[in-house]
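Q:
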Amino acid sequence: MTLGFGILEIVVSLAAMLSAAAGLTWVERRLLGFWQDRAGPNRVGPFGTLQAVADGVKLLFKQDWIPPFADRGVFILAPAAGMATVLLGFAVIPVTAGWSVAGHLNVGILFFLAMTSLGVYSVVLGGWASNNKFALLGGMRAAAQMVSYEVFMGLSLLGTVMLAHSFSLVDIVMAQGRMWFIVPQFLGFVTFLLAGIAETHRLPFDLPEGENELGAGFHTEYSGMKFGMFFIAEYAGIVLIASMITTLFLGGWLGPVLPPVVWFLLKTGLTICFFILLRAALPRPRYDQLMMFGWKVLLPVCLLNVAVTGAAILLFSPTG
Amino acid sequence: MDQTVVRSESIPKVRPAGSAPAPVQEVRDDVETLWVSRETAGDVLTRLKRSAPTRMMLFDITAIDERQRTHRAGQPDSDFTIVYHLMQFDRASKAPHREVRIKVALLMASLTMPSMVDIWPNANWYEREIFDLFGIHFSGHPDLRRILTPPTWTTHPLRKDHYARATEMKPYDLTEDREFAEQEALRFNPEAWGMQRRSANSDFMFLNLGPNHPSVHGVFRIVLQLEGEEIVEAVPDIGFHHRGAEKMGERQSWHSYIPYTDRIDYLGGVMNNFPYVMAVEQLAGITVPPRAEMIRVMLAELFRLASHLVFYGTMSQDVGQLSPVFYMFTDRERVFEIIEAICGFRMHPAWFRIGGVAADLPQGWDTLIRSFLDYLPKRLDEYEKLVMRNRLFKARTVGVGAYSLDEAIEWGITGPGLRACGLDWDYRRRHPYSCYDQLEFDIPVAQKGDCYDRVVVHIAEMRQSLRIIRQCLDQMPGGPVKADHPLTTPPPRAKTMHDIETLITHFLNVSWGPVIPAGEARACVEATKGLNSYYLVSDGGTMSYRTRIRTPSFAHLQMIPLISRGTYIADLIAIIGSIDFVMADVDR
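Each protein sequence line maps, in turn, to chains A and B.
The opening position of the first sequence corresponds to residue 15 in our numbering, with each subsequent residue numbered one higher.
The opening position of the second sequence corresponds to residue 875 in our numbering, with each subsequent residue numbered one higher.
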């Protein structure tokens, strides 16, 4: 029975995830339209809500074209890898205390970090296998950017782990009963947010795509549903990072009056909107500026945060 | 009419030691025009550059195929004439404005001219253009290739014996052999572009940025030699947008060419009509009535606003900011509402006429403009916060793509790009045309000459344009909008309805076109992107004998390699965005 329930849970989570990611493409375009004084997609279905479906159908019916000069196997594998790692990352997210695929996993955070790190391969390999110079430049940017931002993404989470005494995400949420970690871990929150934007390569850190510079960057040669997978993986990545922020810093499902699942969705949704707002507002830094910012500003800040958190725990901990 | 005979005391300045005095040509504009021999041309140009109190810019080089020209009494024998146009750029705003035209006669037997690239680096593209379109060889030119037509092209289109229309040539046929040859000609060979394949410690990557790329603003190709993302060498390749606008000028009546000028700088609208009709009016000796002058200036400034708004938006988009471009296009729409109300068209109104403008202002034009004048400044304040004070925007543009004032003048940079280097040089002030001398405005400058400063100057210019438009609104004189002159095309309508002479003129002017007296004249304006001039040669016919369009964008693109070497691809995109060009303005 548990096995059956577990599978059902996985299927429901996956379906919810994918439709959320697809729906998010519509949400983003509508919100951007709203902020940019224009309509956005409003024709398909009520308020254009079925736009994502129309886009999906269009992508599915497009010719499945692989450039003759591409490295075929890797070219096909890359978008699938991107999709798979993001979806696997969701396994550890606890939507509520009782609803998560593997929320109690005692190395939950490490698993999440492992999955996001693997996600880099999708972008790098996609860029490499395309055998296109713009794609290659995009892939290289992705590799450099993600390696450097990976470093302090892990470090930025250490503070919460130290406060919660656990790597399990359910435990971390439970530990925020009295106070959300965004308060004691504000530096951690900010650095994780920045790393998360870099990780999902969203504007202003969308250098691997950098449409004004590299055409479409690493996915220049992709079309049809393979492009669609990169596309959905990016949005799934946003949902993943947003739910991670909710879980780690915003008290997860905890909240008064409303049922836990609503709180979780509300917090995640608002975080996602913030991501979209950033895209509407900010220009893109240059590649070397991004690197410099990562290594010279964010990394020291993260280390400082860990040191201060450690010192504070030592000082105030009753067992100390 | 502005027919100045060049004073004789100005000649010795350019006469090379020990040679006969250069013959002075009488022209209908105020440019000193001198003929020199091929042998002394280099010397004369060098002296002009060195001896000028400040700086001489090589403003333009062009050629005239003289073989079918009938009215050229008093000019030396010539089959092809090379025309060098120099302009003085002086810091002191009181100094008299000086422009010099140096002409060199070439005979069919030896169509060779020494290259002037050593004197002015920007002679490079101009000489290539003449080589391409006239088939004149420039000895000592470092890279004499075709520039506007494809490398496989065989003819020289601006020669008088060259066909001008598709109906005059055989149908185009792309055979397999020809297709193969064309394809082969496109094969990239780094050496042909002056690039090495590898250095001591690395193999270079060659990247073909364009002609179809989101950030090159049209069909423009830059071939990049890269080390990682760092640019070792950048070579611009233009000509994809070439439509033969100058050749069309020789096959359209003086009147019917006006709409073609709209499409040169397609963001500038009537700003393009301006120098063209002014040049024709100089040839015809027409004085435009004050109301028409002020309507022209007002519309030109509205188009400056529209063009600068597009520049501002696309510039911020080029560095990755998604939203401002939408706001600015919305504002530009407001400009177009006014232009549409006045002209009936939006982007290409073709609204100016020889001798005035097409019609009077419509009722209620002042309310429209007044509400716009109140609306835009607030929006500009908002954009200041959104774009110019954004730290990421500054990080991308401050110190990027900078050139000095000397470099700017060496390379023929005009307009906001020049003023961003600290020189308050504006043609509207230095050589006031139309009614600019009656209007008050400042000339915004910036000091560092980098991408950020170019944007700063553009924005400040928008506020000055608003100021000029407000003055036009308050001071708009009454009276006719067309000159009372037989060559005004079409003549004032009220008269055509009453006397037969004017009706006949009207009929002839709009069917054959007006017959403009023989002569030469150029008119120049401070266009949206820099100095735009039309140099017209009339042989006393219904069509121009030679139409030369000097555009700012052509000169500006030539400088890209100089300012982009050693930067990153992302910087190049910022540089391209900050130059403010449109390809139609480059290729014509």
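Backbone N, C-alpha and C define an ideal beta-carbon position, used for all residues, glycine too.
Report the residues of the region 1179-1205 of chain B with a CB closer than 8 Å to any CB of chain A, ordered along the chain.
A: Ser1190, Gln1191, Asp1192, Val1193, Gly1194, Gln1195, Leu1196, Ser1197, Phe1200, Tyr1201, Thr1204
Q: So, is the C-beta of proline 1088 of chain B closer than 7 Å to a C-beta in chain A?
A: yes
Q: In chain order, what residues of the same chain have a beta carbon less than 8 Å from the beta carbon of arginine 216 of chain A, not counting five sequence neighbours either side?
A: Its chain contains Glu248, Ile252, Phe289, Leu292, Arg293 as the residues whose beta carbon lies nearer than 8 Å to that of arginine 216 of chain A, once the 5 sequence neighbours on both sides are disregarded; these appear in chain order.
Q: What's the call for aspartate 1280 of chain B, buried or exposed, on a 16-neighbour Cβ count within 10 Å?
A: exposed
Q: Applying the 10 Å Cβ sphere with the 16-neighbour rule, what's the burial state of threonine 1041 of chain B?
A: exposed
Q: Going by alpha carbons, who is nearest to threonine 1416 of chain B out of B/Glu1284, B/Ile1333, B/Asp1300, B/Gln1126?
A: Closest by alpha carbon: B/Gln1126.
Q: What residues in the region 276-296 of chain A have a beta carbon less than 8 Å from any beta carbon of chain B?
A: Arg293, Ala294, Ala295, Leu296
Q: Answer yes or no: do leucine 201 of chain A and valine 320 of chain A have a C-beta to C-beta separation smaller than 7 Å?
A: no
Q: Suppose you measure from the CA of serine 984 of chain B to the CA of alanine 1074 of chain B; what does that come to, to the nearest Å?
A: In this structure, the alpha-carbon of serine 984 of chain B lies about 44 Å from that of alanine 1074 of chain B.
Q: Just list the residues that DSSP pairs methionine 961 of chain B with in beta bridges.
A: B/Met931, B/Glu973
Q: Taking its Cβ as the centre, do 16 or more other Cβ atoms sit within 10 Å of serine 1385 of chain B, making it buried, or is it exposed?
A: In the assembly as shown, serine 1385 of chain B is an exposed residue. Its beta-carbon has fewer than 16 other beta-carbons within 10 Å.
Q: Quick check: what's the CA-CA separation for leucine 28 of chain A versus arginine 1206 of chain B?
A: 46 Å
Q: Strictly under 7 Å for the Cβ-Cβ distance: is isoleucine 1447 of chain B near chain A by that measure?
A: At least one CB of chain A lies nearer than 7 Å to the CB of isoleucine 1447 of chain B.
Q: Are there 16 or more other CB atoms within 10 angstroms of the CB of asparagine 1063 of chain B, so buried, or fewer, so exposed?
A: exposed
Q: Would DSSP call asparagine 1406 of chain B helix, strand or coil?
A: strand
Q: Return the bridge partner residues of isoleucine 993 of chain B from the DSSP annotation.
A: None, per the DSSP bridge assignment.
Q: Can you look up leucine 1083 of chain B in the DSSP assignment and give me helix, strand or coil?
A: strand
Q: Express the C-alpha separation of leucine 960 of chain B and asparagine 56 of chain A in angstroms, rounding to a whole number.
A: 57 Å
Q: With DSSP run on the structure shown, which of helix, strand or coil describes serine 911 of chain B?
A: coil
Q: Tell me which residues share the same chain as phenylalanine 203 of chain A and place their Cβ nearer than 6 Å to its Cβ, disregarding the 5 neighbours each side in the sequence.
A: Within the same chain, phenylalanine 203 of chain A has close Cβ partners Ile196, Phe263.
Q: If you draw a straight line from the C-alpha of phenylalanine 244 of chain A to the C-alpha of alanine 1401 of chain B, how long is it?
A: 45 Å
Q: Does the distance from the C-beta atom of glutamate 1003 of chain B to that of isoleucine 976 of chain B stay below 7 Å?
A: no
Q: Considering only their Cβ atoms, is the gap separating glutamate 1175 of chain B from serine 1339 of chain B smaller than 7 Å?
A: yes
Q: At least one CB of chain A closer than 7 Å to the CB of isoleucine 1443 of chain B: is that the case?
A: yes
Q: Cβ of alanine 143 of chain A within 7 Å of Cβ of aspartate 85 of chain A?
A: For alanine 143 of chain A and aspartate 85 of chain A, yes; Cβs fall inside 7 Å.
Q: Out of curiosity, what's the CA-to-CA distance linking isoleucine 21 of chain A and histidine 179 of chain A?
A: 30 Å
Q: So tyrosine 301 of chain A contacts chain E; which residues on that side make the cut at Cβ distance below 7 Å?
A: Among the protein chains of the structure shown, namely A and B, there is no chain E.
Q: Which residues bound the alpha helix (DSSP H) around phenylalanine 1012 of chain B?
A: Segment 1011-1013 is the beta strand (DSSP E) holding phenylalanine 1012 of chain B; no alpha helix (DSSP H) there.
Q: Hey, how far is the Cα of isoleucine 1453 of chain B from the Cα of cysteine 1325 of chain B?
A: Approximately 8 Å between the Cα atoms of the pair.
Q: Check each residue of the region 968-995 of chain B: if its Cβ is closer than 7 Å to any Cβ of chain A, include it; give the result in chain order.
A: Close to chain A, meaning a Cβ-Cβ distance shorter than 7 Å, is no residue of the region 968-995 of chain B at all.
Q: What residues from chain A crowd round alanine 1401 of chain B, counting only those whose CB sits closer than 8 Å?
A: None at all; the shortest Cβ gap to chain A is about 26 Å.
Q: Bridge partners of glutamate 1400 of chain B, per DSSP?
A: B/Leu1405
Q: Determine the contact status of valine 1456 of chain B and isoleucine 1112 of chain B, defining contact as a CB-CB distance below 7 Å.
A: No. Outside cutoff.
Q: What does the alpha-carbon distance come out to for the pair leucine 1436 of chain B and leucine 73 of chain A?
A: 44 Å
Q: Over what stretch of residues does the beta strand (DSSP E) that includes alanine 1108 of chain B continue unbroken?
A: Where alanine 1108 of chain B is concerned, the enclosing beta strand (DSSP E) starts and stops at 1104-1111.
Q: Might you give, ordered along the chain, the residues of its own chain that have their beta carbon closer than 6 Å to the beta carbon of alanine 1294 of chain B, omitting 5 neighbours on each side?
A: Excluding residues within five positions, the ones whose Cβ falls inside 6 Å are Ala1320, Gly1323, Asp1327, Arg1328, Val1331.
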